[in-house]
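Per the working numbering, the first sequence starts with residue 218, numbered consecutively.
Have a look at the structure below, then the notes.
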Amino acid sequence: MVESDGIICFFPNQTGPHPLKETDMKRNRINALLSSEQPLPSVLIKGWVRTRRDAKTFSFIELNDGSCLANIQVIADDQLDNYDSVKKLSTGSSVCVRGTMHDSPGKGQKWEIHATEVIIINMAPDDYPLQKKRHTDEFLRTISHLRPRTNKYGAAFRIRSRLSYAIHQYFQERGFTYIHTPIITGSDCEGAGELFQVTALDLDNPPRKDEKPGKNQKIDYEADFFARQAYLTVSGQLEAEMFALALSDIYTFGPTFRAENSNTSRHAAEFWMVEPEMAFCDLAEDMDYAQDFIKFLVTDIMENCAQDLDLFARFVDKNLTTTLENITSKEFIRLPYTEAIPLLKNCGKKFAYEVFFGADLQTEHERFLAEEHFKQPVIIYDYPKTIKPFYMRVNDDDKTVAAMDVIVPRIGEIIGGSQREERLDVLESRMDVCGVSKKELWWYLDSRRYGSVPHSGFGLGFERLVMLVTGITNIRDVIPFPRTPGAIEF
RNA sequence: UCCCCAGUAGCUCAGUUGGCAGAGCAAUUGGCUGUUAACCAAUGGGUCCGCGGUUCAAGUCCGUGCUGGGGAGCCA
Numbered sequence: 218m219v220e221s222d223g224i225i226c227f228f229p230n231q232t233g234p235h236p237l238k239e240t241d242m243k244r245n246r247i248n249a250l251l252s253s254e255q256p257l258p259s260v261l262i263k264g265w266v267r268t269r270r271d272a273k274t275f276s277f278i279e280l281n282d283g284s285c286l287a288n289i290q291v292i293a294d295d296q297l298d299n300y301d302s303v304k305k306l307s308t309g310s311s312v313c314v315r316g317t318m319h320d321s322p323g324k325g326q327k328w329e330i331h332a333t334e335v336i337i338i339n340m341a342p343d344d345y346p347l348q349k350k351r352h353t354d355e356f357l358r359t360i361s362h363l364r365p366r367t368n369k370y371g372a373a374f375r376i377r378s379r380l381s382y383a384i385h386q387y388f389q390e391r392g393f394t395y396i397h398t399p400i401i402t403g404s405d406c407e408g409a410g411e412l413f414q415v416t417a418l419d420l421d422n423p424p425r426k427d428e429k430p431g432k433n434q435k436i437d438y439e440a441d442f443f444a445r446q447a448y449l450t451v452s453g454q455l456e457a458e459m460f461a462l463a464l465s466d467i468y469t470f471g472p473t474f475r476a477e478n479s480n481t482s483r484h485a486a487e488f489w490m491v492e493p494e495m496a497f498c499d500l501a502e503d504m505d506y507a508q509d510f511i512k513f514l515v516t517d518i519m520e521n522c523a524q525d526l527d528l529f530a531r532f533v534d535k536n537l538t539t540t541l542e543n544i545t546s547k548e549f550i551r552l553p554y555t556e557a558i559p560l561l562k563n564c565g566k567k568f569a570y571e572v573f574f575g576a577d578l579q580t581e582h583e584r585f586l587a588e589e590h591f592k593q594p595v596i597i598y599d600y601p602k603t604i605k606p607f608y609m610r611v612n613d614d615d616k617t618v619a620a621m622d623v624i625v626p627r628i629g630e631i632i633g634g635s636q637r638e639e640r641l642d643v644l645e646s647r648m649d650v651c652g653v654s655k656k657e658l659w660w661y662l663d664s665r666r667y668g669s670v671p672h673s674g675f676g677l678g679f680e681r682l683v684m685l686v687t688g689i690t691n692i693r694d695v696i697p698f699p700r701t702p703g704a705i706e707f
């Protein structure tokens, strides 16, 4: 049997009676039809016309409903009452087709639909921007509302959806609890970049602390919605830790916001992040999880999105299959920072940024390690404490912290994580050194005061994962409506 | 934010030393055809990104702004 569902249709641009009758609301998905084992005497499909070719007494209509990459070929002949209109069907038009499914005598497809009825839901005018040819990503970005109707973007967003599902599957199967950490936060000391401020104040005329007018008149945030300054979250980690220290293994998966003026193909102001946090877990186990997690996700997409993935392997990145198999088949290299430094120093390659202990690794260094030296994912760990945030656990050498970054070819850093500092006294002195307010994070310190345990976690940039899996090189093309500096159309 | 490159028809692009604005695809019309980014013919289509300057003359040279891309920083 072919699956069908009860999608409710409505036609906001239609003023007359609905062209579809009440009984028409069950439709067959094109992916279900195309994978059918036998011909079907009665099918109902609804979708958008990708292209139309006319023969002498009939038209070939390529129909796509987004359920899969492939179109289904509809044969609409001149016996149809409205054949004159059908012959004018343009790319982008929406139709409802009733008919029978048969073996296709032509090359290129197994099945085709012989239409007994073609209802034109909406005829797309000839200025429909998507043509039957390849468009550049830059152009498609200017029509982000229409680009999911292309093969490439349809495939990308089906993969993005499946990856989201696989993330939940991975953690749920392992007994992790999904935690919704807040989007709005009161702490500006999370230590990860510039924050977007959230306010309900009238910015044209904000309340002032001092009645006397003057240049140094401070805004009175006690009059704001939360009675203090508030921001969009840059990470759910600190809150996630509180739940790991109660439910043992937890994860978050949600949007994150950075007001950094970053103009690169790997940064967005609004992006999604996965942050697992595990109690009774040290850095080595944290790295085990990070590696296992990425391998699981890549394997899942190779198994469950083969058709969509094939598009990317053929047209977007010729090396994609090799890259992905490299990830699933090998153990990730684990390289302590202290060994990475001499390796980079003595590799014979000239870098723009000098390499020395205490220096953060630059993009050029990470790319060299993952793309040229090891040619596979690398986990670098035990970084100098001077370049890492306050919450990372100080190692016995008192010079490094138990931090780790997973570097993959082409993307660079895809995961950043650490074992967290569970010792109250060490944490407090680190906060002093890093200039983080102990008063504001009293609740965070409480977790180290009452039943503190070793725990670890990491953050995975979800869009970077989609880029890794698809071979897409610009983050703006793996998120439906990208937000970047100066760009918030749609 | 910094460095580099680009902006010409709906889309992708060409445009020589400064001298009449071009092609392919798309669109429209007609023809042909179990077609596969179908094919053939004809037709229509331009604020050469904006502003200012040099020049007899600017798509072309200069300045400036805007937009986009690549790289860097920051990071996921």
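Note that the Cβ used here is the ideal one computed from N, Cα and C, for glycine as well.
VAL491 and PHE470 do touch by the CB rule: their CB atoms are close to 5 Å apart, below 8 Å.
In the DSSP assignment, PHE277 falls outside any alpha helix (DSSP H) and within the unbroken beta strand (DSSP E) covering 275-281.
Considered as a whole, the stretch 388-455 harbours no complete run of any alpha helix (DSSP H) with no fewer than 4 residues. In this chain, the beta strand (DSSP E) harbouring GLU487 covers 487-496. In the structure shown, SER302 falls within a helical segment according to DSSP collapsed to helix, strand and coil. Under the three-state reduction of DSSP output, PHE707 falls in the coil class, being neither helix nor strand. DSSP lists no bridge partner for CYS651.
In the three-state scheme derived from DSSP, where H, G and I count as helix and E and B as strand, ASP614 is classed as coil. In chain order, ASP441, PHE442 place their CB closer than 7 Å to the CB of ALA417, counting only its own chain and leaving out the 5 sequence neighbours on each side.
According to the DSSP assignment, GLU583 belongs to no beta strand (DSSP E) but to the alpha helix (DSSP H) extending over 580-584. Residue environment analysis places ALA447 among the buried positions, since at least 16 neighbouring C-beta atoms fall within 10 angstroms of its C-beta. Per DSSP, reduced to three states, the secondary structure at ILE597 is strand. Exposure of GLY325 is indicated by the presence of fewer than 16 other C-beta atoms within 10 angstroms of its C-beta. If you draw a straight line from the Cα of HIS590 to the Cα of MET459, it comes to about 39 Å.
ILE396 is not a Cβ neighbour of ILE511, given a cutoff of 8 Å.
For the pair ILE337 and ASP282, the CB atoms are not nearer than the 8 Å cut-off.
Inter-segment contact for the stretch 337-350 and the stretch 304-315 is present: three or more beta-carbon pairs are separated by less than 8 Å. At a Cβ-Cβ threshold of 8 Å, ARG445 and LYS435 do not count as neighbours. Taking C-alpha positions only, GLN524 is separated from ALA496 by approximately 39 Å. Put simply, of GLN508, ASN288, SER646 the residue whose alpha carbon is nearest the alpha carbon of LEU251 is ASN288.
Relative to SER479, the option among ASP527, THR473, GLY410 whose CA is nearest is GLY410. DSSP lists CYS313 as the beta-bridge partner residues of LYS263. The beta strand (DSSP E) runs lying completely inside the stretch 644-704 and spanning 3 residues or more are 672-678, given in chain order. By the Cβ-count criterion, GLY323 is exposed, with fewer than 16 other Cβ atoms from all chains shown falling within 10 Å of its own Cβ.
Secondary-structure assignment with DSSP links PRO472 through a beta bridge to TRP489. Taking THR690 as reference, the option from PRO671, ASN612, ASP354 with the minimal CA-CA separation is ASP354. Take the alpha-carbon of ALA587 and the one of GLU571: they are about 18 Å apart.
By the CB criterion at 8 Å, ILE518 and LEU528 fall outside the cutoff. Going by C-alpha positions, GLY392 is about 16 Å away from PHE513. Taking 8 Å as the cut-off, the beta carbon of VAL335 is found closer than this to the beta carbon of LEU297. Taking 8 Å as the cut-off, the Cβ atoms of GLY634 and ALA507 count as close.
Of the candidates ASP320, ARG551, TRP328, GLY453, ARG551 places its Cα closest to the Cα of VAL595.
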